[in-house]
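Engineer: This is the structure, below, for whatever I ask next.
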């Protein structure tokens with residue numbers, strides 16, 4: 005498979021997690037995907053990202069379908085649910101392990117915090133990812149396989165992490181991705197996955213992470229254009245690296261502006277006032293929802309180059 009997409013009828017996806025009610029920000033993303041597919045003769049897919057078994061609930065998934073249908077959207081069946089495809093993510097993890105790019109990481113969040121604090125007390129600066137979280141110390145990278153196996157067999161909690169330095173060492177060329185603008189033009193964005201450190205790929209009790217699952221899903225569903233919020237722009241670098249390592253195709257990315265609250269923060273599922281169900285109950289019309297989401301007609305976002 006080539007790692008670039010040729011121009012074809014687009015396939016896009018709206019991929020919420022069923023851990024709360026959809027809000028205006030979700031409406032903006034879903035409508036942008038729907039409009040892009042409709043205007044370019046493409047396909048709009050719904051994907052349910054429910055790998056977090058503790059927080060995801062069937063009633064929220066049902067509510068997602070109701071909210072999207074109320075907005076006038078439809079999608080092919082069956083819907084892909086990540087919880088039903090764990091073997092696909094496991095296979096991707098095993099491939100990365102075969103390449104020698106993953107290791108079991110045993111430090112807890114508290115231990116990471118303590119290690120970083122001790123380092124910075126000496127006046128040095130510990131690297132942090134774009135979200136502000138400290139990079140994982142990674143001492144287990146240098147453990148023997150015997151020591152790793154013994155620690156796993158002891159029942160200790162761990163996560164599978166990507167050895168970022170080793171993953172980047174084998175790359176022949178610098179990483180980039182194609183970013184689409186609202187005027188239809190494409191530009192190359194430089195990907196810097198090293199900014200994220202040794203990212204989590206899976207945990208002992210959850211056989212995949214968001215980063216691993218999303219690139220596998222996008223490839224299996226033949227997604228050509230990923231239209232999502234600007235809060236995921238920086239994460240695209242790590243996703244692009246995983247695509248290269250696993251030999252997966254690269255979609256075109258189109259990151260749209262977020263809807264923020266009065267304090268400039270992105271909307272949360274805990275903000276009940278912006279939930280689509282609450283707005284619908286107050287008699288808000290779909291036209292009003294589009295306006296509140298910044299999608300007043302005749303806006304035509306994210307055109308495609310010929």
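In this note's numbering, the protein residues as written are 5 to 310.
Positions of the beta carbon are idealized from the N, C-alpha and C atoms, including for glycine.
Taking the CB atoms as reference points, tell me whether residue 51 and residue 86 lie closer together than 9 Å.
Structural biologist: Result yes, Cβ atoms of residue 51 and residue 86 sit closer than 9 Å.
Engineer: Taking all protein chains shown into account, decide if residue 217 is buried (16 or more other Cβ within 10 angstroms of its Cβ) or exposed.
Structural biologist: The residue is buried, with at least 16 neighbouring Cβ atoms inside 10 Å.
Engineer: Quick one: which unbroken beta strand (DSSP E) runs of 3-plus residues sit fully inside the stretch 180 to 220? Chain order, please.
Structural biologist: You should have 180 to 184, 190 to 194, 204 to 207.
Engineer: Where DSSP assigns a beta bridge to residue 84, which residues make up the other side?
Structural biologist: 51, per the DSSP bridge assignment.
Engineer: Let me know if residue 53 comes out buried or exposed under the rule of 16 or more other beta-carbons within 10 Å of its beta-carbon.
Structural biologist: Its Cβ being crowded by 16 or more others within 10 Å, residue 53 is buried.
Engineer: Assess contact between the stretch 198 to 213 and the stretch 25 to 32, defined as three or more Cβ pairs (one per stretch) separated by less than 8 Å. Is contact present?
Structural biologist: No contact exists between the stretch 198 to 213 and the stretch 25 to 32.
Engineer: Taking Cβ positions, are residue 104 and residue 170 nearer each other than 9 Å?
Structural biologist: It is a contact, given that the beta carbons lie within the stated cut-off.
Engineer: Only counting the same chain, and skipping five residues up and downstream in sequence, which positions put a Cβ closer than 6 Å to that of residue 71?
Structural biologist: Closer than 6 Å at the Cβ level, and outside the excluded window around residue 71, lie 26, 280.
Engineer: With DSSP run on the structure shown, which of helix, strand or coil describes residue 256?
Structural biologist: In the structure shown, residue 256 sits in a strand (DSSP, three-state: E or B).
Engineer: Thinking just about the alpha-carbon of each residue, which of 93, 167, 228, 156 is nearest to the one in residue 184?
Structural biologist: Taking only the C-alpha atoms, the option nearest residue 184 is 228.
Engineer: Counting only the same chain and skipping the five closest in sequence on each side, list residues whose C-beta sits under 7 Å from that of residue 220.
Structural biologist: Around residue 220: 92, 93, 96.
Engineer: On the three-state DSSP scale, how would you describe residue 147?
Structural biologist: In this structure, residue 147 counts as coil in the three-state DSSP scheme.
Engineer: Can you give me the C-alpha to C-alpha distance between residue 256 and residue 157, rounded to a whole angstrom?
Structural biologist: About 42 Å.
Engineer: Would you call residue 202 buried or exposed, if buried means 16 or more other Cβ atoms sit within 10 Å of its Cβ?
Structural biologist: Label assigned to residue 202: buried.
Engineer: Provide the residue span of the beta strand (DSSP E) that contains residue 227, from first to last.
Structural biologist: From DSSP, residue 227 is part of no beta strand (DSSP E); its letter is neither H nor E.
Engineer: Relative to the C-alpha of residue 14, which residue among 77, 75, 231 is closest?
Structural biologist: The shortest Cα separation from residue 14 among 77, 75, 231 belongs to 231.
Engineer: Is it the case that the Cβ atoms of residue 299 and residue 49 are separated by a distance below 9 Å?
Structural biologist: Contact: no.
Engineer: Let me confirm a value: residue 285 is counted as buried when at least 16 other C-beta atoms fall within 10 Å, else exposed. Which label applies?
Structural biologist: Per the 10 Å Cβ criterion, exposed.
Engineer: For residue 187 and residue 271, what's the separation of their Cα atoms in angstroms?
Structural biologist: Answer to the nearest angstrom: the Cα atoms are 26 Å apart.
Engineer: Please determine, among 110, 66, 282, 65, the residue with the shortest C-alpha to C-alpha distance to residue 144.
Structural biologist: Residue 110 is the option with its Cα nearest to residue 144.
Engineer: Classify residue 112 as buried or exposed, calling it buried when 16 or more other Cβ atoms lie within 10 Å of its own Cβ.
Structural biologist: The residue is exposed, with fewer than 16 neighbouring Cβ atoms inside 10 Å.
Engineer: Quick check: what's the CA-CA separation for residue 177 versus residue 245?
Structural biologist: When rounded, the distance between both Cα atoms is 12 Å.
Engineer: Quick one: what does DSSP say residue 15 is sitting in, helix, strand or coil?
Structural biologist: Three-state DSSP puts residue 15 in a strand.
Engineer: In whole angstroms, what separates the C-alpha of residue 22 from that of residue 16?
Structural biologist: Whole-angstrom Cα-Cα distance: 19 Å.
Engineer: Spatial neighbours of residue 138 within its chain, please: CB distance less than 6 Å, with the 5 preceding and 5 following residues excluded, ordered by chain position.
Structural biologist: Around residue 138: 120, 130, 132.
Engineer: Given this structure, state the Cα-to-Cα distance separating residue 135 from residue 210, to the nearest angstrom.
Structural biologist: Straight-line Cα distance between these residues: approximately 22 Å.
Engineer: In this structure, how does DSSP classify residue 279 when only helix, strand and coil are distinguished?
Structural biologist: The answer is strand: DSSP assigns residue 279 an E or B state.
Engineer: Hey, residue 204 and residue 163: beta-carbon distance below 9 Å or not?
Structural biologist: In contact: residue 204 and residue 163 (Cβ atoms closer than 9 Å).
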